[in-house]
Every structure is written in C-alpha cells, then in structure tokens.
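Asks:
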Amino acid sequence: MSAFISLLKRDLLLAVRSRAEALQPIFFLLVVVSLFPLGLGPGPALLAKVAVGVIWIAALLASTLSLDKLFHADFEDGSLEQFLTSGHSLSSLALAKIIAHWLSTGLPIVLLSPLLAIWLNLPHEALPVLVKSLLLGTPIFSLIGAIGAALTVGLRQGGQLLALLIFPLLIPVLILATGAVSAATHNLESTAYLLWMAAYAVLMLTLAPFACAASLRISLS
Amino acid sequence: MNPVMKFLHKTGSPAYFYWLSGRMIPWLWVIFAVLTTWGMYQAFFVAPTDYQQGESYRIIYIHVPAAWMSMMIYLMMAIFGAIGLIWRIRIAEILAISSAPIGAAFALIALISGAVWGKPTWGAYWVWDARLTSQLVLFFLYLGVMGLHSAIDEPRKAARAAALLALVGVVNLPIIHYSVEWWNTLHQGTTIKFTGGSKMPNSMLFPLLLMAASTKFYYGAALLTRARNRLLEQDRRRGWVAKSIREQRL
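Structure follows, in structure tokens:
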C-alpha cells in the first residue's frame, strides 16, 4: 500500500514538474476540437449535432497520445524492472500508474469539456451529462489503454500499434457516452447509459490492473 | 498424472506434435474437400431459389460459415493462448498465433461476401448494421493481435503478448457486440434483418450445415499446417528436427 501511494505521488510530482509535457494531450485535444468547425463549417446547428462525437473522439485520441508514454520513461531508466523485482504486487503498482495517468490527463479533459461544449454549441441541458460521461469514461480509457501500453512498451512503432490495439476495445465507451449525451440533448433519460458506463468502469477497474501486470511481465521477459 | 495433463504433456512435445499433425493434415484436407464439394453442389444446384431474394441468397453458403468461423477461431485463439500462458506450453502458443491469420481471413470473407450480398438486397454495399459493424470490429481485433505479434522480434514473447491481447479481446467481445447492437437500434430504428435459422426449409439449411462442417476441417488443416511450419522454423536448430529427418519422419 505504501509503495502504491509513493508511486502515485511520484508520478503526479513528475507530471507537475514537467508541466509542458503533461499538458501536451490537453493542447492536442483543444487543437483537434477546434479543427472540426474549420473543417465542417461554423453552422451552429451542424456543430451541435456532431459535438458529442467530436469531443469524445478527440478525448480518445488525446488519451491514447499520452498512454503511449505511460510506461516509457520507467522502461528506459529501468524503474519498471525494479517494480518487478521489488516484491510489491505489480498489479497495484500498475493501478497507481493508471490512476496517476487519469489524474494528469483524464481529469483535465473532464474539466475542459464545458469549454469544448460551448465551442461546439452543445445544448446546455446536455452539459452535465457530458461531464458525467467523461468522468466515467476517461478512467476506462486509462485502464484499458494501460494494458495496450504495457504490451507495446519498448517497441519501436509503439504509438500506432497502441491505437490499433485499444481503439476496438474502447468502442463500447464511445457508444454508451454518445448515447447518454444524445439522450440528454433530446430531453430523454440518460441514467441507464451512465449506469452501464459505471458498471463497465468497475469491471475494468477490477480486471485491467491484473492484465496490465501480466502484460508488463511479458514485455520485460 | 491425470489424463488431461498427460494429453497436454504429450501433445506439448514438439516432436510428437509434429508427427501427429503430419498424420492428421491429409485426412483433414480430404474431409474438407469432400464436404465442400458436396456442400457447394447442394448449395448451387439442389437448394431451391428463394422466393424473395432470388439466387443472390446463395451467398450465405459462403458468408454465414465464414462469419461463424471468424467468431469461433477468435475463441479458439484465446483458449490456446490461455493454455499457453497458464501452462507455458509452446505448442499452444504457436496454435494461438497461427489461428489469427485464418480467423482474420474468415472475417474478411464474411465482410466482403456480406457487402456483395448487401448490394442487391439492401441496395448498398455497406450499411452500418449492428452485425456488419461487430464483424468489422472483430476484424480489427484480429489485426491488433497480428500487429502486436509481428512487432515483437522474440518469438515466445511475441506469442505470449498476442495471447494476452486475445484474452483481453475475448472478455471485451460480448460487451462490444451488445453495445454495437444497442447503438444500431438507437440510430437506425429498423434495419432489414436476415432472419434465417429455424425459418429455413431443410433443403436450404442442409447445404449450410455441410459448409459449416467443412470450414471446421479447413480450419483444422490450415491451422496445423501453419503451426507445423512455424514450429519447424523456430526449432530448426533443435535436436528433434535433425532426429526426425534421420528417421525420415519429416
């Protein structure tokens, strides 16, 4: 447990210290979202229609971009091997890294989402649901993405491969989240979608750290 | 030792596996050829023309078995992968990764034949129908497993990483499938659903079952052939290969 907390603290400290690097996914998200009105035209009605999809896909891309680096530095300087031989449970250490990743990338995306919603003219009544869906969905990105990151750590063409590995697995999150927000836009009940997302998040929270630890063991063998 | 472990140990030995699979492959090909010829004959000459879809429905004799196989092979790949990861049996690892290209090919055949059937029936090559989309995602999952395997140079590490990914995929596959089905009903309302199965007359169903059986034998034959080649390539400097050559068992 103490190893879990110190690793979490260390990763957060690293994120705070190298602020420019930590903020890259967020800037990436802003740039990607701002490209859509330029590409699709500034019509408010059209933007409102595509807003959910755009925000979610941009969030997916931004998370993946940062997931690529999740274990990279630890792999390079040998910390990962130290985790492995330290005798601490590797899955709890993996979970610490996943939580740190979510706090440094997922949470800023959630906090930024109202701004994106205004940019894309998302109806106001859908905003709380968008924030809730991101709050439930971005941890799933970090959890499933960490398995992919652990499998591709140390590989030359890691980034693109990571996207190929995890995007198909993240389809349910995308579907449920856009479903929830669309329902809210049409003044329909969106609780069911959010509950499903919560269930999926809990399932992944229980399974992903173990899969992630197993992947790290394979990658470091 | 219990019979299961004994079986695993025995077939897990490369030399024995190589010998046994060599004996099995010709039979599997022969059964496959007989069943396919019979099934194709039944499908194209005996089965009646559909009153609604005309002759174009006959593509299901390729499409449906291919779609079934693409799902079954993913499951097989995960099972082999799990056996390989749990008991560290190299043959199971090889069988898992050798399954991937075959399954991907079946998924692609199902997608293409579905598109060809969709044009005359639905009026479009591609519709974002729930089943088509699930099949496409399945194809992507195969691509991921194959991509990961080819990105890692060391063969055993590559096989184990791919096996783990296949296992993660198998856990997520039902969730993906149902979410896609849900998404589709949300966005599209009604879609033309192909409801065959029990509503099919026996003269139409029989060739389908023949083809479903024949593709299983194709999988067996293709899988063992691939696995043998991979095994031989990995073990080319091992003693058992030289011994088998001396005893003229290769």
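Listed in order, the protein sequences are those of chains Y and V.
Using our numbering, the letters of the first sequence map in sequence onto residues 1 to 221.
Using our numbering, the letters of the second sequence map in sequence onto residues 1001 to 1250.
Yeah, the Cβ is synthetic: ideal placement off N, Cα and C, and Gly gets one too.
None of these values were measured; they are calculated from a predicted model.
Can you list, in chain order, the residues of its chain whose CB lies under 6 Å from that of V/Q1246, leaving out five sequence neighbours each side?
Replies: Checking the displayed sequence, the identity of residue 1246 of chain V turns out to be Arg instead of Gln. Contacts found: none.
Asks: Spatial neighbours of V/T1215 within its chain, please: CB distance less than 6 Å, with the 5 preceding and 5 following residues excluded, ordered by chain position.
Replies: P1065, M1069
Asks: Could you list which residues in chain V have their beta carbon closer than 7 Å to that of Y/L205, in chain order?
Replies: Per Cβ cutoff of 7 Å: no residues; Y/L205 is ~14 Å from chain V at best.
Asks: Based on the DSSP secondary-structure assignment, which residues constitute the bridge partners of V/D1050?
Replies: DSSP lists V/G1054 as partners of V/D1050.
Asks: Skipping 5 residues on each side, what residues in its chain have a beta carbon closer than 8 Å to that of V/S1244?
Replies: A1015, Y1018, W1019, L1250
Asks: Just the C-alpha distance for V/A1078 and V/P1120, rounded to the nearest angstrom, thanks.
Replies: Looking at the two C-alpha atoms, the distance is approximately 36 Å.
Asks: Select from the segment 1064–1095 of chain V all residues with a C-beta closer than 9 Å to any C-beta belonging to chain Y, and list them in chain order.
Replies: L1085
Asks: Within the 8 Å Cβ cut-off, does V/L1132 reach chain Y?
Replies: no
Asks: Within 8 Å (strictly less), CB to CB, does Y/G43 reach chain V?
Replies: With a threshold of 8 Å between beta carbons, Y/G43 makes no contact with chain V.
Asks: Using 8 Å as the limit for Cβ to Cβ distance, is V/S980 near chain Y?
Replies: Coverage of chain V is limited to positions 1001 through 1250, which leaves residue 980 of chain V absent and any answer about it impossible.
Asks: Can you find a C-beta in chain V that's less than 8 Å from the C-beta of Y/L130?
Replies: Output row for Y/L130: interface = no.
Asks: Which residue comes first and which comes last in the alpha helix (DSSP H) that contains V/S1063?
Replies: Per the sequence shown, the amino acid found at residue 1063 of chain V is His instead of Ser. Where V/H1063 is concerned, the enclosing alpha helix (DSSP H) stretches over 1060–1087.
Asks: Quick one: using the 10 Å Cβ neighbour count with 16 as the cut-off for buried, is V/D1153 buried or exposed?
Replies: exposed
Asks: Can you find a CB in chain V that lies within less than 8 Å of the CB of Y/Q82?
Replies: no
Asks: What did DSSP end up calling Y/L188 once you bin it into helix, strand or coil?
Replies: coil
Asks: Cα-Cα, which of V/G1114, V/F1044, V/L1209 is closest to V/Q1135?
Replies: When only C-alpha atoms are compared, the closest one is V/G1114.
Asks: To the nearest angstrom, how far is the alpha carbon of V/N1002 from that of V/A1213?
Replies: 31 Å
Asks: For the alpha helix (DSSP H) containing V/V1145, list its first residue and its last residue.
Replies: 1130–1151
Asks: With 8 Å set as the bound, which would you pick, yes or no: does the beta-carbon of Y/A184 sit closer than that to a beta-carbon of chain V?
Replies: Y/A184 does not count as touching chain V.
Asks: Along chain V, in chain order, which residues have C-beta atoms closer than 8 Å to that of Y/I175?
Replies: S1179, V1180, W1182, W1183
Asks: Between V/A1151 and chain Y, is any beta-carbon pair separated by less than 8 Å?
Replies: yes
Asks: Grab the span of the alpha helix (DSSP H) containing V/R1228 for me, first residue to last.
Replies: The continuous alpha helix (DSSP H) containing V/R1228 extends over residues 1202–1234.
Asks: For Y/D11, count neighbouring C-beta atoms within 10 Å of its own C-beta (all shown protein chains included) and say buried if the count is 16 or more, exposed if not.
Replies: buried
Asks: On the three-pair Cβ rule with 8 Å, is the segment 60–75 of chain Y touching the segment 145–152 of chain Y?
Replies: yes
Asks: Look up Y/L35 in the DSSP assignment and say whether it is helix, strand or coil.
Replies: In the structure shown, Y/L35 adopts helical secondary structure according to DSSP, grouped into three states.
Asks: If you drop the 5 nearest sequence neighbours on each side, which residues of the same chain put their C-beta closer than 7 Å to that of V/Q1053?
Replies: T1121
Asks: Looking at chain Y, which residues of the segment 1119–1143 of chain V have a Cβ within less than 8 Å of any of its Cβ atoms?
Replies: V1137, F1140, L1141, L1143
Asks: Counting Cβ pairs closer than 8 Å, one from the segment 86–102 of chain Y and one from the segment 153–170 of chain Y, do we hit at least three?
Replies: Three or more Cβ pairs closer than 8 Å define a contact, and the segment 86–102 of chain Y falls short of that threshold against the segment 153–170 of chain Y.
Asks: Please check if any C-beta of chain V sits within less than 8 Å of the C-beta of Y/I57.
Replies: no
Asks: Determine the direct distance from the alpha carbon of V/A1105 to that of Y/V131, and round the result to whole angstroms.
Replies: 41 Å
Asks: Mind checking if V/G1239 is an interface residue toward chain Y, Cβ cutoff 8 Å exclusive?
Replies: no
Asks: From V/Y1041, V/Y1074, V/H1177, V/F1217, pick the residue whose C-alpha is nearest to that of V/W1029; which is it?
Replies: V/F1217
Asks: Can you list, in chain order, the residues of its chain whose CB lies under 7 Å from that of Y/S113, leaving out five sequence neighbours each side?
Replies: I55, L130, V131, L134
Asks: Taking the Cβ atom as the reference point for each residue, do V/S1098 and V/A1227 lie within a distance shorter than 8 Å?
Replies: Going by C-beta atoms, V/S1098 is nearer than 8 Å to V/A1227.
Asks: Along the segment 86–108 of chain Y, where does the CB come closer than 8 Å to a CB of chain V? Name the residues.
Replies: none
Asks: Taking only beta-carbon positions, decide if V/K1216 is within less than 8 Å of chain Y.
Replies: no
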